[in-house]
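Visitor: Residue numbers for the sequence shown, in this note's numbering: 434 to 730.
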Amino acid sequence: EVEPERIIITFGASGAMLLAIIGCFDIGQRIALPQPFYYGYRHAMATLGVECVLFDTSMENNLQPTVADLEALDDPIDGLIVASPGNPTGSMIEASALEALAQYCESRGIRFISDEIYHGITFDESIQEATACSFSEEAIVVNSFSKYYSMAGWRLGWMVVPDYLVEPISSLAHNLYLCPPTPAQLGALHALDCRPELDHHVVRYKRNRDILLESLPQLGFDRFTAPDGAFYLYCHVRHLHEDSVAFCVEMLENANVLVAPGSDFCPNSGQHYIRFSYAGATAQIEEAVRRIAKWRA
434 EVEPERIIIT FGASGAMLLA IIGCFDIGQR IALPQPFYYG YRHAMATLGV ECVLFDTSME
494 NNLQPTVADL EALDDPIDGL IVASPGNPTG SMIEASALEA LAQYCESRGI RFISDEIYHG
554 ITFDESIQEA TACSFSEEAI VVNSFSKYYS MAGWRLGWMV VPDYLVEPIS SLAHNLYLCP
614 PTPAQLGALH ALDCRPELDH HVVRYKRNRD ILLESLPQLG FDRFTAPDGA FYLYCHVRHL
674 HEDSVAFCVE MLENANVLVA PGSDFCPNSG QHYIRFSYAG ATAQIEEAVR RIAKWRA
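The structure is reproduced here in structure tokens:
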């Protein structure tokens with residue numbers, strides 16, 4: 434359990450991430466970011482003058498960071514951002530690995546920020562959904578009502594911070610946006626009582642994921658790790674095209690199916706990846722598969 438006083442309601446998870454970066458880092462400090470990652474992190478760092486230290490992850494580790502990855506970095510870091518389940522991969526960090534990362538950072542004075550906005554949207558019961566709050570009181574956890582609670586557009590999130598950061602980050606939030614919109618907060622209170630309905634959405638996401646897992650390999654999209662959660666599938670397509678941006682344009686123009694180029698999420702090797710989203714209705718996913726099959730025939 435977390436003390437209510439440590440929870441700060443924010444203007445979306447993006448607002449929470451901005452507060453974490455502004456409140457915990459000085460200009461020129463270094464935050465490590467495992468690739469692939471949600472592009473908004475990097476843009477926020479650049480805007481605030483914080484150096485982004487990119488490092489690669491491996492398929493063997495489900496495209497998630499490990500302590501060994503951090504130890505291999507050339508220079509010291511001041512912070513680390515992780516996401517589980519992640520965007521664009523949908524992969525999760527197992528509880529033991531998350532604990533190891535949190536403890537490693539705490540013991541070295543590295544600020545650990547855990548993006549947990551896709552918590553609740555998980556498919557593999559063998560992987561325990563864990564929060565960094567369980568392993569370190571120094572960790573900052575970011576979450577949102579946009580994903581599991583299906584309140585995207587209401588712009589409401591929250592963050593859990595150490596006791597000594599509550600006052601400075603709250604003061605910073607008040608100066609940036611006063612408070613999140615009251616109607617959104619009232620709506621969120623009702624959303625907390627809608628878990629049976631929301632769990633039906635998760636069932637749909639899993640059904641959509643399973644359709645892609647079965648169909649995509651038959652269409653040549655066979656190089657990916659199965660998502661553990663969220664509603665994304667990150668697929669290697671170098672054997673199909675050298676440039677993922679051009680490939681996405683071709684798919685849009687010829688199949689009328691929109692996917693995201695991996696270069697949005699990974700500057701180093703993203704040109705060889707694309708991201709599928711399966712958050713929509715199952716009928717839309719099935720139609721997208723039919724269109725891609727017709728295009729690839």
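For glycine and all other residues, C-beta sits at the position ideal for the given N, C-alpha and C.
Going by the CB atoms, is the gap between residue 462 and residue 490 shorter than 8 Å?
Guide: In the sequence shown, counting from the first residue as 1, residue 490 sits at position 57. In the sequence shown, counting from the first residue as 1, residue 462 sits at position 29. No.
Visitor: Restricting to runs no shorter than 3 residues, where is the beta strand (DSSP E) found entirely within the stretch 658-724?
Guide: 665-669, 706-710, all fully within the stretch 658-724.
Visitor: Considering Cα atoms alone, identify which of 726, 589, 479, 595 is closest to residue 622.
Guide: As a position in the sequence shown, residue 622 is number 189, starting the count at 1. Looking at the Cα atoms, 589 is the closest of the given residues.
Visitor: Please return the same chain residues whose Cβ sits closer than 8 Å to the Cβ of residue 599, not counting the five positions on each side in sequence.
Guide: Within the sequence shown, residue 599 is the residue found at index 166, counting from 1. 438, 439, 441.
Visitor: Short check: CB of residue 708 to CB of residue 665, under 8 Å?
Guide: Sequence index remark: in the sequence shown, residue 708 carries index 275 (1-based). Sequence index remark: in the sequence shown, residue 665 carries index 232 (1-based). In this structure, residue 665 lies closer than 8 Å to residue 708 by Cβ.
Visitor: Report the option in 452, 649, 661 whose CA atom is closest to the CA atom of residue 724.
Guide: Counting from 1 along the sequence shown, the entry for residue 724 is found at position 291. Of the candidates 452, 649, 661, the one whose C-alpha sits nearest the C-alpha of residue 724 is 649.
Visitor: Give the list of continuous alpha helix (DSSP H) stretches no shorter than 4 residues that lie fully inside the stretch 461-539.
Guide: Entirely contained in the stretch 461-539, the alpha helix (DSSP H) runs reaching 4 residues are, in chain order, 472-481, 500-504.
Visitor: Would residue 591 and residue 449 be called neighbours here (beta carbons separated by less than 8 Å)?
Guide: By 1-based counting over the sequence shown, the position of residue 591 is 158. By 1-based counting over the sequence shown, the position of residue 449 is 16. Yes; because the gap between Cβ atoms is below 8 Å, this pair is in contact.
Visitor: Output the residue ranges of the alpha helix (DSSP H) runs that lie fully inside the stretch 594-626 and measure 4 residues or longer, sorted by chain position.
Guide: Runs found: 596-610, 615-624.
Visitor: If you compare alpha carbons, which of 632, 718, 712 is closest to residue 520?
Guide: In the sequence shown, the residue the question calls residue 520 occupies position 87. Comparing Cα-Cα distances from residue 520 to each of 632, 718, 712, the minimum goes to 712.
Visitor: Count the other CB atoms, across all protein chains shown, that sit within 10 Å of the CB of residue 585; report buried if there are 16 or more and exposed otherwise.
Guide: By 1-based counting over the sequence shown, the position of residue 585 is 152. Exposed, because fewer than 16 other Cβ atoms sit within 10 Å of the Cβ of residue 585.
Visitor: According to DSSP, which residues form a beta bridge with residue 544?
Guide: Position 111 of the sequence shown holds residue 544. In DSSP, residue 544 forms a bridge with 512.
Visitor: Please name the residue in 661, 700, 677, 479 whose C-alpha comes closest to that of residue 554.
Guide: What you label residue 554 is simply residue 121 of the sequence shown in a count that begins at 1. Considering only alpha carbons, the answer is 661.
Visitor: When we look at the beta-carbon of residue 727 and count the other beta-carbons within 10 Å, is it buried (16 or more) or exposed?
Guide: Counting from 1 along the sequence shown, the entry for residue 727 is found at position 294. Residue 727 is exposed by the Cβ-count criterion.
Visitor: How far does the beta strand (DSSP E) with residue 577 in it reach, from first residue to last?
Guide: Position 144 of the sequence shown holds residue 577. Element bounds for residue 577: 573-577.
Visitor: Does the stretch 626-644 come close enough to the stretch 685-694 that 3 or more CB-CB pairs lie under 8 Å?
Guide: Taking 8 Å as the limit for Cβ pairs, the verdict is that the stretch 626-644 does not touch the stretch 685-694.
Visitor: Considering just the uninterrupted stretch of the beta strand (DSSP E) at residue 394, what are its terminal residues?
Guide: The structure shown does not extend to residue 394, since the chain is modelled only from 434 to 730, so the question has no answer here.
Visitor: Less than 8 Å between the CB atoms is what I'm expecting for residue 514 and residue 548, so what's the real figure, rounded?
Guide: The count along the sequence shown starts at 1 and reaches residue 514 at position 81. The count along the sequence shown starts at 1 and reaches residue 548 at position 115. Between residue 548 and residue 514 the Cβ distance is about 7 Å, and since that is below 8 Å, they are a contact.
Visitor: Please report the distance separating the alpha-carbon of residue 480 from that of residue 451.
Guide: One-based indexing of the sequence shown puts residue 480 at position 47. One-based indexing of the sequence shown puts residue 451 at position 18. Approximately 10 Å, taken between the alpha carbons.
Visitor: Given a threshold of 16 other Cβ atoms within 10 Å of its Cβ, counted over all protein chains shown, does residue 730 qualify as buried or as exposed?
Guide: Here residue 730 corresponds to residue number 297 of the sequence shown, with the count starting at 1. Per the 10 Å Cβ criterion, exposed.
Visitor: Would you mind sorting residue 571 into buried or exposed? The rule is 16 or more other CB atoms within 10 Å of its CB.
Guide: Against the sequence shown, residue 571 aligns to sequence position 138. By the neighbour-count rule (16 or more Cβ atoms within 10 Å), residue 571 is buried.
Visitor: Is residue 679 buried or exposed, if buried means 16 or more other CB atoms sit within 10 Å of its CB?
Guide: Counting from one through the sequence shown, the residue named residue 679 turns up at place 246. Result: exposed.
Visitor: Look at the Cβ atom of residue 619, then the Cβ atom of residue 583, and state whether they are nearer than 8 Å.
Guide: Translated into the one-based positions of the sequence shown, residue 619 becomes position 186. Translated into the one-based positions of the sequence shown, residue 583 becomes position 150. In this structure, residue 583 does not lie closer than 8 Å to residue 619 by Cβ.
Visitor: From residue 682 to residue 483, what distance separates their C-alpha atoms?
Guide: To locate residue 682, count along the sequence shown from 1; it is residue 249. To locate residue 483, count along the sequence shown from 1; it is residue 50. Answer to the nearest angstrom: the Cα atoms are 33 Å apart.
Visitor: Within the continuous alpha helix (DSSP H) that includes residue 455, where are the two ends?
Guide: Working through the sequence shown from its first residue, we reach residue 455 at position 22. Residues 445-457.
Visitor: What are the boundary residues of the alpha helix (DSSP H) that includes residue 638?
Guide: Within the sequence shown, the letter at position 205 stands for residue 638. Residues 628-648.
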